[in-house]
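Input: a single structure, listed below in structure tokens.
In the working numbering, the protein residues as written are 700 to 1043.
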């Protein structure tokens, strides 16, 4: 959104200048001079706005780089490594998708990241009600452009701040969006609307999932209690692509990063142990320490033999017994999704 005003002012200046020249040619001197003056002012305003945004962007990027050095995080000015990982709005919208000002690090035992998801929209190919829907759903018209973009001519840039924590398991996608979102907008998320046996939760949230059984398993009493706390009000949450993430329009700095990450890690730690267990046993673990299901064949569990079949030079030890993981107690109160150990 940062370049849209400058682009529109510049376009207006060019249009006014062209009309002024035409009026001068056909003899309307006074009116043409006035229009020419307006065009010059609009052009100068566009240039000044563009310069201001360049300065602000530079300061924002410098602050993030300084934060990374101070806290041992990694900073990357621009990447496309997250493109295609997440589904649904705003990640499947627009053209030339990219991630800017990427910060990666750890927080409360979790691997985390925050970045600005950027894409461009061709206004000639869009419909008119996106801003209204975004305002009705989240109190911000810009959010609607990720769902239904406006019908103005030309193109524009959209920016969304994404903050995520990596999960050690691939869980099915589920969206939790603030209550009040319209039925038309809800369809853009896919899946079906799910209610739970909590009036307060249903008053605050719309839950969208393809598998209602999975949604009800995830939303146990402990999770419902966490999601009805004041700090989660108005936040859009999603589990997808092996991560729990939140997203909002515009760019954000690091002033409230700890609060965002605290919210995400605390919600992730309420994911029930039996939900994690079910998907680990289905072979949906993530990362280098991806657990091997107890039902795996001997060739997959024998120490020193990789699944590629290539010998590592390490003599095989005793046959694996497939005892499963340790650190996944039966009581969810003691379960920490970020501390899953595995015993082979």
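Positions of the beta carbon are idealized from the N, C-alpha and C atoms, including for glycine.
Going straight from the alpha carbon of residue 902 to that of residue 817, what length do you get?
Between the C-alpha atoms of residue 902 and residue 817 there is a straight-line separation of about 32 Å.
Is the CB-CB distance between residue 984 and residue 869 below 9 Å?
Their beta carbons are under 9 Å apart, which means residue 984 touches residue 869 by this criterion.
Please go through the same chain and pick out, in chain order, the residues whose beta-carbon is closer than 8 Å to the beta-carbon of residue 957, but skip the five residues on each side of it.
Only 806 meet the Cβ criterion.
Between residue 864 and residue 967, how many whole angstroms is the CB-CB distance? I'm expecting something under 8 Å.
The C-beta distance from residue 864 to residue 967 rounds to 6 Å, short enough to fall under 8 Å.
Can you find the residues in the same chain that come closer than 8 Å, C-beta to C-beta, to residue 962, ignoring five residues on each side of it along the sequence?
Only 930, 931, 934 and 945 meet the Cβ criterion.
Can you pull the DSSP bridge partners for residue 854?
821, per the DSSP bridge assignment.
With a threshold of 16 other CB atoms inside 10 Å of the CB of residue 874, please say whether the residue is buried or exposed.
Classification of residue 874: buried, given that the 10 Å Cβ count is 16 or more.
Please identify the residue among 855, 1037, 808 and 917 whose C-alpha is closest to the C-alpha of residue 796.
It is 855.
The alpha helix (DSSP H) spanning residue 773 covers which residue range?
DSSP places residue 773 in no alpha helix (DSSP H) but in the uninterrupted beta strand (DSSP E) bounded by 773-778.
Just tell me which of 969, 782, 772 and 759 has its CA closest to the CA of residue 940.
Answer by Cα proximity: 782.
Option nearest residue 982 by Cα separation, candidates 972, 926 and 867
Minimum Cα distance to residue 982 is reached at 867.
Give a yes or no on whether the C-beta atoms belonging to residue 1035 and residue 804 are separated by under 9 Å.
No. Outside cutoff.
Terminal residues of the beta strand (DSSP E) in which residue 802 lies
Its beta strand (DSSP E) spans residues 794-806.
Limits of the unbroken alpha helix (DSSP H) element including residue 965:
Here the alpha helix (DSSP H) through residue 965 covers 956-967.
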